[in-house]
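One structure is given below, encoded as structure tokens.
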Amino acid sequence: MNGNPGQRREMITTTPLPTWKELAAPFARPALDDEPSAAPWRGKDGGEGQAFWFSRSAWAMKAIVRWWSSLHEGRKPVLWLPDYFCNQSTYPLREINVTPVFYPIDMDLRPDREARRAMAALAAPDLFVIVHYFGIPADAAAARSFCDETGAYLIEDAAHALGPAPGIGEQGDFIFYSPHKILAVPDGALLLMRPKDGAGIIREAANGGGYSKALTGAWIIRRTLQKILPEPLLARRARRQKPAFADDPPYKPLPPETRISSTARAMLADAAEIMPAAAKARRRNWLALRQALNGLKGCRPLEIADQATPYRFVLRCDDEATAAALFDSLHAGGCPAESWPDLPPEAWAEPGRHQAAIRLRRTLVLLPVHQTAGMNELIACCEKIL
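For this note's numbering, count along the sequence shown from 1 and bump the result up by 1.
And the structure:
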């Protein structure tokens, strides 16, 4: 999860590294049950509804689809996702013959309301997903109004959010978070469910798939090596594995285990204490990068509200050539820049309809700001490209 936010590290990793204490947690403390583990994500008022833990949020989405079908005589729901969405996360849905409908977003990562209205006039959604991209609160209130008009259930995808915040986790019938993307844990995605009917379907999905000791063991070994191996060796390996900016990652099937591991449960026991420090460190690193990259030609930061916790530092570039050159320069300087996401094929098949999603994919460059990334190291990487 989070060690010392101010700790200096020579090697910048894409995701946070656990402390030795956190790595020892599975051997030192029992794992918590669903409800106690979920407390930090319920907000100050305790939140509403039931909590269910999965290994990945994609399994939570699949469980919601099955929940809806169970209440509608087995019929498949019409599920709307934004077109700027990770295609690999849709595979569990496609495996049960649910093909999402992708609605367009604009260059500000907001739903295209005119397109959404026209689509709803033809076939309204049963499940509508809004995404809080990069930890930035989406307009969930507007999404709530749209769902009330169409009769759809609202799902807030807060996988990029550290936890609830103003505008995040307030409106959805379902909200899911992905602590494994924000904190140093091997797996773990939390689904909060407000509807009272059919909760047994969700519980069965969360608990019925088991978890893999082999996968969590491999994660612990990998993170341990990242902590102890010399920086030059890690840097050489990172350079060999650097992807091209325009390339999507190769398809990797999600681990079939749907259940959160006992290792992750034990490591999340201290989440309530860890999360405030993680938020502060992420915000500090984001501000440091914003200052360091001020005036970078052809690029500007994607702004984030003061009360939001950034998932990544996102740079908007004027065009794909500028983004690709920046991506390569950052990697050459030792900073693991990323492109995101692997868009669904439906978006690429209709470039006119999904032009904003395609342009975002081709012009956004992401930098780490996580709580174990050294601020000085991040700044040093940036200075090499200025």
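Ideal Cβ positions, reconstructed from N, Cα and C, are used throughout, including at glycine.
Start and end of the alpha helix (DSSP H) containing residue i?
i    : result
P180 : P180 to I183
P93  : Y92 to R95
R283 : A272 to A293
A267 : S263 to M268
E205 : A200 to N208
Who are the near neighbours of residue i in its chain, counting only those whose CB is closer than 7 Å to its CB and skipping five residues on each side?
i    : result
W371 : According to the sequence shown, residue 371 is His rather than Trp. Excluding positions up to five away in sequence, the list reads T16, P17 and R283.
A142 : Q172
K243 : H332
I380 : A289 and A293
G334 : C382, K385 and I386
Would you kindly check if the distance between the Cβ of residue j and the Cβ of residue i is under 8 Å?
i    : j    : result
P126 : V99  : no
R317 : C300 : yes
G164 : M276 : yes
S263 : A32  : yes
P105 : A280 : no
P180 : A59  : no
E157 : I176 : yes
S38  : W54  : yes
P167 : Q292 : no
A265 : G199 : no
P311 : G136 : yes
R260 : G218 : no
P83  : V132 : yes
V366 : A338 : yes
L387 : L297 : yes
P151 : L24  : Going by the sequence as given, residue 151 is Thr instead of Pro. For T151 and L24, no; Cβs fall outside 8 Å.
N88  : P352 : no
Put residue i into one of helix, strand or coil per three-state DSSP.
i    : result
F103 : strand
E157 : strand
M108 : coil
C336 : coil
V186 : coil
I221 : helix
W54  : strand
M408 : Only positions 2 to 387 of the chain appear in the structure, and residue 408 is not among them; the question remains open.
A124 : coil
R354 : coil
A139 : coil
P246 : Here the sequence assigns Phe to residue 246, which means Pro is not the residue at that position. Note: F246 maps to coil in three-state DSSP.
L226 : helix
R195 : coil
P251 : coil
A306 : coil
A166 : strand
R76  : coil
F147 : helix
C382 : helix
I131 : strand
Measure the alpha-carbon distance for residue i versus residue j and round it to whole angstroms.
i    : j    : result
L191 : R57  : 8 Å
E378 : I13  : 7 Å
L269 : A185 : 9 Å
V66  : K197 : 15 Å
L368 : F28  : 33 Å
L155 : M120 : 17 Å
A40  : L193 : 11 Å
S340 : F246 : 6 Å
D248 : Y134 : 21 Å
C383 : P93  : 38 Å
A52  : D34  : 10 Å
T373 : A289 : 14 Å
D343 : I359 : 10 Å
T1   : I222 : The requested residue 1 does not occur in the structure, where the chain is confined to residues 2 to 387.
E36  : N208 : 14 Å
K22  : D109 : 40 Å
L294 : D320 : 17 Å
L230 : K385 : 24 Å
P187 : R145 : 33 Å
L303 : R313 : 10 Å
P257 : V315 : 31 Å
P112 : A159 : 16 Å
N5   : R30  : Because the pLDDT of N5 is 47, which lies under 50, any placement of that residue in the model is unreliable, and the question is left without a value.
Tell me where the beta strand (DSSP E) around residue i begins and ends.
i    : result
R30  : From DSSP, R30 is part of no beta strand (DSSP E); its letter is neither H nor E.
Q172 : Run containing Q172: none; DSSP gives neither H nor E here.
L316 : R313 to C318
Q372 : Per DSSP, Q372 belongs to no beta strand (DSSP E) and is neither H nor E.
W81  : L80 to P83
P41  : First-last for P41: undefined, no H or E at that position.
Give me, in chain order, the residues of the same chain whose beta-carbon lies closer than 6 Å to that of residue i; leave out the 5 immediate sequence neighbours on both sides.
i   : result
G50 : L193, M194 and R195
Q8  : Here Q8 scores only 45 on pLDDT, less than 50, and its place in the model should not be relied on; the value that follows carries that caveat. Within the same chain, Q8 has no close Cβ partners at all.
G44 : P165
Y85 : I106, A358 and L361
If we cut at 8 Å on Cβ distances, does residue i have a partner in chain D?
i    : result
N286 : The displayed structure is made up of one protein chain only, and chain D is not part of it.
Can you list, in chain order, the residues of its chain whose CB lies under 8 Å from that of residue i, leaving out five sequence neighbours each side?
i    : result
A153 : W81, A125, P126, D127, L128, F129 and F147
I202 : A64, R67, W68 and S71
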